[in-house]
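Enquirer: Numbering (the numbering used here), first residue to last: 527 to 842.
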Ligand SMILES: NC(=O)c1ccc[n+]([C@@H]2O[C@H](COP(=O)([O-])OP(=O)(O)OC[C@H]3O[C@@H](n4cnc5c(N)ncnc54)[C@H](O)[C@@H]3O)[C@@H](O)[C@H]2O)c1
């Protein structure tokens with residue numbers, strides 16, 4: 527991977543893809559940005575619109591609408607293409623529609639000679655990440671999904687608010703499927719070096735486990751809540767993607783709850799699921815197996831089973 531010219535390709539220049547692109551430009555994360563969409567005219571329009579903002583940014587990014595041959599020397603190909611979640615529609619129901627879309631994308635990217643990392647955002651993201659891995663035949667470490675990265679950020683914000691602590695000092699994760707079976711392993715959640723469950727227990731009536739449960743519920747329902755209010759979610763995920771892209775392009779070894787392939791953690795193999803992993807220029811350097819309580823382990827196993835069943839129902 528070339529670290530001197532940082533190149534990102536975005537496939538799917540809809541709301542999510544362009545929120546990612548806009549955040550990349552504003553945070554000056556790469557040197558070259560290529561936009562690809564089945565609707566070429568849209569990609570061209572988006573490239574022109576962003577280019578007109580370059581004069582006002584701190585970046586001298588080269589931005590253009592391209593095609594799959596442009597992936598050959600990219601560091602990251604981000605896939606945000608696909609159908610959007612409709613109100614009331616589960617992420618898993620999107621699966622069938624998006625599988626066909628991915629077949630038309632992953633093959634041409636691989637044939638370009640792409641040697642970087644796939645970053646997948648399209649929902650249902652854990653399944654689409656696994657599909658990308660299967661279709662590309664890449665080492666799973668080079669295929670990363672956004673997983674529960676955004677959910678963990680939402681959690682840290684809400685926990686920080688509840689305990690009146692800067693979210694950056696909250697170390698808590700949402701793990702599992704990016705969807706209805708995701709959960710918070712509270713046994714692993716810390717504020718600074720203190721276990722949150724201990725803080726609650728010692729607080730008398732000030733804090734409660736019921737309130738923590740409510741926070742988990744708010745995180746789980748956040749996407750649906752936003753979709754009901756404004757039709758889709760995109761700014762938050764765009765910024766979460768920038769966070770992952772920075773970890774890759776800057777070789778940061780950051781811990782992020784991306785969608786990764788399990789290799790025996792929690793007794794599971796093969797499934798892609800949201801779990802803390804160390805991310806650097808090679809993609810997933812290693813995953814971190816949490817010491818879950820029996821109840822949390824059961825929830826993780828349920829989430830894995832659901833994703834496995836869903837993946838196995840697809841004809842690739
Ligand atoms: N992972 C997350 O946390 C998260 C959050 C929000 C949205 N999403 C998902 O991201 C995806 C995109 O959402 P959006 O709001 O940007 O949708 P959108 O409809 O605005 O954009 C989708 C884009 O994909 C393009 N596209 C469709 N088929 C294509 C193909 N075969 N090749 C190339 N481009 C193609 C469309 O032309 C369109 O521009 C959805 O699956 C959505 O559910 C994920």
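Quick reminder that beta carbons are idealized off the backbone N, C-alpha and C, glycines included. Since we're looking at a predicted model, the values are computed, not measured.
Can you name, in chain order, every residue of its own chain whose Cβ lies under 7 Å from the Cβ of residue 569, other than the five neighbours on each side?
Expert: The count along the chain shown starts at 1 and reaches residue 569 at position 43. Around residue 569: 539, 561, 562, 563 and 591.
Enquirer: Across which residues does DSSP place residue 783 in a beta bridge pair?
Expert: For the purposes of this step, residue 783 is identified with residue 257 of the chain shown, where counting begins at 1. Answer is 802, bridged to residue 783.
Enquirer: Assign residue 564 to one of three DSSP states: helix, strand, or coil.
Expert: As a first step, residue 564 is located in the chain shown; it is residue number 38 there, counting from the start. Note: residue 564 maps to coil in three-state DSSP.
Enquirer: Could you name the residues of the same chain whose beta carbon sits closer than 6 Å to that of residue 736, not counting the 5 residues immediately before and after it, in chain order?
Expert: On the chain shown, position 210 is the one that residue 736 refers to. Nothing listed; no residue qualifies.
Enquirer: Please list, in chain order, all residues of the same chain as residue 666 whose beta carbon is under 6 Å from its beta carbon, the five residues on each side excluded.
Expert: Sequence index remark: in the chain shown, residue 666 carries index 140 (1-based). So the list reads 659 and 787, once near-sequence residues are dropped.
Enquirer: Say the cut is 6 Å; is the CB of residue 630 nearer than that to a heavy atom of ligand 3?
Expert: In terms of ligand content, the structure shown lacks ligand 3 and carries ligand 1 instead.
Enquirer: What's the call for residue 528, buried or exposed, on a 16-neighbour Cβ count within 10 Å?
Expert: Residue numbering aside, residue 528 sits at position 2 when the chain shown is read from its first letter. With a pLDDT of 46 at residue 528, under the threshold of 50, the modelled position of that residue is not reliable, and no figure is offered here.
Enquirer: I need the DSSP call for residue 812, collapsed to helix, strand or coil.
Expert: Residue mapping note: residue 812 aligns to position 286 of the chain shown, counting from 1. Note: residue 812 maps to strand in three-state DSSP.
Enquirer: At the level of alpha carbons, what is the spacing between residue 696 and residue 779?
Expert: In the chain shown, residue 696 corresponds to position 170, counting from 1. In the chain shown, residue 779 corresponds to position 253, counting from 1. If I take the Cα positions, the gap works out to 19 Å.
Enquirer: Buried or exposed: residue 719, going by 16 or more other Cβ atoms within 10 Å of its Cβ?
Expert: Reading the chain shown from its first residue, position 193 is the one you call residue 719. With fewer than 16 other Cβ atoms within 10 Å, it is exposed.
Enquirer: Between residue 771 and residue 602, what straight-line distance do the alpha-carbon atoms span, to the nearest angstrom?
Expert: As a position in the chain shown, residue 771 is number 245, starting the count at 1. As a position in the chain shown, residue 602 is number 76, starting the count at 1. Distance between the alpha carbons of residue 771 and residue 602 is about 8 Å.
Enquirer: Does the distance between the C-beta of residue 647 and the nearest non-hydrogen atom of ligand 1 fall short of 6 Å?
Expert: The residue labelled residue 647 in the question sits at position 121 within the chain shown. The answer is yes for residue 647.
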